[in-house]
Structures are given as structure tokens and as C-alpha cells.
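In the numbering used here, the protein residues as written are 2 to 400.
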């Protein structure tokens, strides 16, 4: 019976006109199907929409998208997309950075040099770095260039002079970090040439009295930001020099509103050179342990201090040092403490002296040491009263 049933079905399928009729009907019912083969025209999208999307794409993805249609390719070359660029000039075999292809560099030079305003160079090879600067001075030669950042690039003094000699004087921001072969004379050459320089970031070893005096000349515009990185990986190998008070005074007279930011990554014994005299620093960050003596000097010699961050101090309470900072640093608005110790009473007194101008207060819970007047649990109530807002110490999360 089953065999006969299967045979009947198989015989009915090819001879039945009902099966083929719907297929002919589908081919003929064009009014219901004519919209399916119509593909969207991506070129009709408004260019301002494409421009907005391109701003969030990496260069490689942007380049691929530019091949979709003529309209997208036109957006790819809009000057607004080429104001900022980061060049990574390294060999993949010797660096974890991904290099910018030389052909791409030449294309950018050819088509968009006049549009670039913010240029960043990352180079790991000294020879490659010097050659790169010689070939890329065209970026700074643009009248629209306003920012150059050279990071981890072991440039030498002659290469820096070439950069200056072949560039425009419109530069507003120059950041040089980890450039051990650039001397203070090279930086002085930069300061003398870029009279419009408003922001400068550099390592402490190339900061000099002559540089500060050059930045304070009558022909130089007011400096707005000066960032100084004080770094040492091997204690005793670098002899840190001191900056004379009259040099700082000259800078303050010329640029009274300048923000002076100092990042310290030194060992305690290497900090003795600093803060011996009045220093117009506004922001100080200690990435390693710092002694009570240095913090005491900050309270005496840093009246412009706005923000202080101490990552570590040891087991000596910072009671008198914090109170001294609160009394003498009348502009202090932010404090961060970690791996330090402060008695609860001294901390409450510090907050009372600062009052509501202390807008940022980040203190790890372990920093607060209970005493006869307060426990850490009681501190937040008293501190909140002086700050005029609810405050709690930071708690280390338990993962």
C-alpha cells in the first residue's frame, strides 16, 4: 500500500498544472515585485551626513569607504577631515606601533599639507626620526599649522633646527616628550623662533633659565600652558638642575596667567633639587612616593598651587603638611591622596581651611587614620558640612 501511495504522488507532481501555474503567475505579477530589484543610491546621501560619519572612522576605513561612489570620494578630501593627523614612522619588526605607509605619507603631503593643523609624530628609530623630520617640515610650513606633537622620537639638535628653519612661525602648541637627544639649546632655538607659541610641553632636562627668559621676551606672546615631565627610571644617573627664582619671576611677569603643570616620576632621593625656592607651579602630580619634607616645601613655596595628587607617601602621617598647604595655597581646589596616611582630625581641619573652594577631593578610605576625635565613618559627615555637599572617601573595589 505504501509503495502504491508513493507512486501516485510521484506521478501526480509532473503532470499537475496547479504546480506550475503559481510560478508563471509570480513572473507576471510585476506590479507587486518591481520594487525589489531597485538598489539604494548611496551617492544621494547628503554630504554633511557622510562627513559626520567619516570623522569617526580610522583613516583606512575612511579610504575604503571613499571608493563607494564619486560623492563619498569628494567628502574624503574635505579639508575638515585633514586638520589632525598622527604619523607613526616605525618598522613593524622593531616596534609595536603600526607604521603609516610611505606612499600614504606622500599622498597626504601632496594633497593635504595646507590643511593640517595638528600633527603628531611617533618614531622609534633615531635615524628614521631625523629623516622623517627633514621630509615632513612641509606640514609646519603651512600657514594654518598650529600644533605639532613629537612623542617618543629621539630627534637630535640639528634635526630640530631644520624643523624650525623650514617651518612657519604660526605654531601655537609644541609638545616634545621622550626626546633625549634634544638639548636645551635646541629648545631655546624653538622658543626664539615661534614667538606665537602659547603651549609648550617638554621634559625637565631641557628646561633652562634661558628658555624661560626667551618665553618671557617682549616679542613673545603670553604663554598659557607649560607642562614639564620630570622622569627618571634609574636613580642617580640623572643630575637634576635647579631653575633660578628670577627666571620663574620673569615668566610670571610676562605671562601672569600661565598654568605650570609638573608630573614627577622620581624616587624620593631625586626630589631634593625641587621646590627649594618659590615655584609658580599650578598642578603637581607625584607618580611615586614623595617625602613629607617635599610636601612641606610645596606648602611654603607654591602659592599658586591649584591641584595636588600624591600617589604614595609611606607610613608617616601628613597632618602638618596638609594643613600647611591649606593655609598657604589659597588657590587649591583639588586634592588626591592614595597610599598615604592622614589622621582624621587633621584631614577635617584641612577641609575646613579650604572650605567650598575644594571642588575635587579624592581620598582613599585607607588613607584616613582614626584618632580621639573622629573615626573614618564619622569623617564624611564633618567633611560634607565644610564642603557644602555630600562627600565620601573612595573605596577600593573588591573583585
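C-beta: ideal position from N, C-alpha, C; glycine also.
Tell me whether residue i sits in a helix, a strand or coil according to DSSP, three-state version.
{"i": "residue 260", "result": "strand"}
{"i": "residue 345", "result": "helix"}
{"i": "residue 242", "result": "coil"}
{"i": "residue 309", "result": "strand"}
{"i": "residue 290", "result": "strand"}
{"i": "residue 221", "result": "coil"}
{"i": "residue 370", "result": "strand"}
{"i": "residue 315", "result": "coil"}
{"i": "residue 325", "result": "helix"}
{"i": "residue 78", "result": "coil"}
{"i": "residue 275", "result": "coil"}
{"i": "residue 285", "result": "strand"}
{"i": "residue 352", "result": "helix"}
{"i": "residue 69", "result": "coil"}
{"i": "residue 390", "result": "coil"}
{"i": "residue 414", "result": "In this structure the chain extends from 2 to 400, so residue 414 is not present and cannot be described."}
{"i": "residue 303", "result": "coil"}
{"i": "residue 209", "result": "coil"}
{"i": "residue 190", "result": "helix"}
{"i": "residue 26", "result": "Low local confidence applies: a pLDDT of 43 at residue 26 is under 50, so the model's placement there is unreliable, and no value is given."}
{"i": "residue 128", "result": "Residue confidence for residue 128 is low, a pLDDT of 48 falling below 50, so the modelled location carries little weight and cannot support an answer."}
Does residue i pass the burial test, meaning 16 or more other C-beta atoms within 10 Å, or should it be called exposed?
{"i": "residue 294", "result": "exposed"}
{"i": "residue 322", "result": "buried"}
{"i": "residue 300", "result": "buried"}
{"i": "residue 55", "result": "buried"}
{"i": "residue 356", "result": "exposed"}
{"i": "residue 384", "result": "buried"}
{"i": "residue 445", "result": "Past the edges of the chain, shown from 2 to 400, lies residue 445, and the structure says nothing about it."}
{"i": "residue 81", "result": "exposed"}
{"i": "residue 393", "result": "exposed"}
{"i": "residue 61", "result": "exposed"}
{"i": "residue 316", "result": "exposed"}
{"i": "residue 199", "result": "buried"}
{"i": "residue 206", "result": "buried"}
{"i": "residue 256", "result": "buried"}
{"i": "residue 314", "result": "buried"}
{"i": "residue 141", "result": "The pLDDT assigned to residue 141 is 46, lower than 50, so where the model puts this residue is not dependable, and the model offers no usable value."}
{"i": "residue 318", "result": "buried"}
{"i": "residue 209", "result": "buried"}
So the candidates are the options; which of them puts its Cα closest to the Cα of residue i?
{"i": "residue 382", "options": "343, 352, 222", "result": "352"}
{"i": "residue 422", "options": "56, 62, 72, 65", "result": "Nothing can be reported for residue 422: it is not among the residues displayed for the chain, which extend from 2 to 400."}
{"i": "residue 175", "options": "334, 193, 190, 203", "result": "203"}
{"i": "residue 230", "options": "393, 262, 216", "result": "262"}
{"i": "residue 51", "options": "220, 361, 61, 66", "result": "66"}
{"i": "residue 214", "options": "60, 245, 63", "result": "245"}
{"i": "residue 248", "options": "236, 233, 218, 267", "result": "218"}
{"i": "residue 228", "options": "222, 254, 259", "result": "259"}
{"i": "residue 270", "options": "233, 255, 302, 286", "result": "233"}
{"i": "residue 197", "options": "387, 205, 210, 216", "result": "216"}
{"i": "residue 354", "options": "324, 190, 380", "result": "324"}
{"i": "residue 74", "options": "319, 85, 84, 48", "result": "48"}
{"i": "residue 243", "options": "280, 395, 289", "result": "280"}
{"i": "residue 367", "options": "290, 342, 206", "result": "342"}
{"i": "residue 267", "options": "85, 312, 302", "result": "312"}
{"i": "residue 360", "options": "332, 328, 199, 190", "result": "332"}
{"i": "residue 330", "options": "339, 358, 255, 314", "result": "358"}
{"i": "residue 339", "options": "191, 290, 302", "result": "290"}
{"i": "residue 201", "options": "211, 64, 224, 109", "result": "224"}
{"i": "residue 369", "options": "390, 64, 396, 302", "result": "396"}
{"i": "residue 310", "options": "292, 335, 318", "result": "335"}
{"i": "residue 193", "options": "220, 210, 70, 53", "result": "220"}
{"i": "residue 350", "options": "252, 326, 76", "result": "326"}
Can you check DSSP and say which residues form a bridge with residue i?
{"i": "residue 204", "result": "230"}
{"i": "residue 395", "result": "365"}
{"i": "residue 335", "result": "308, 361"}
{"i": "residue 384", "result": "Paired residue(s): none; residue 384 is not in a bridge."}
{"i": "residue 49", "result": "Answer by DSSP bridge pairing: none, since residue 49 is not bridged."}
{"i": "residue 55", "result": "DSSP output for residue 55 lists no bridge partner at all."}
{"i": "residue 266", "result": "232"}
Within the 8 Å Cβ cut-off, does residue i reach chain D?
{"i": "residue 56", "result": "The chain labelled as chain D is not found in the depicted structure, where only one protein chain is given."}
| message | With a threshold of 8 Å, are at least 3 pairs of Cβ atoms found where one atom belongs to the region 265–284 and the other to the region 295–314? | response | Contact holds: three or more Cβ-Cβ distances are below 8 Å.
| said: Under 8 Å: do the region 363–383 and the region 338–350 share three or more Cβ pairs, one atom per stretch? | reply: Taking 8 Å as the limit for Cβ pairs, the verdict is that the region 338–350 does touch the region 363–383.
| Would you call the region 301–321 and the region 280–292 in contact, with 3 or more CB pairs under 8 Å? | yes
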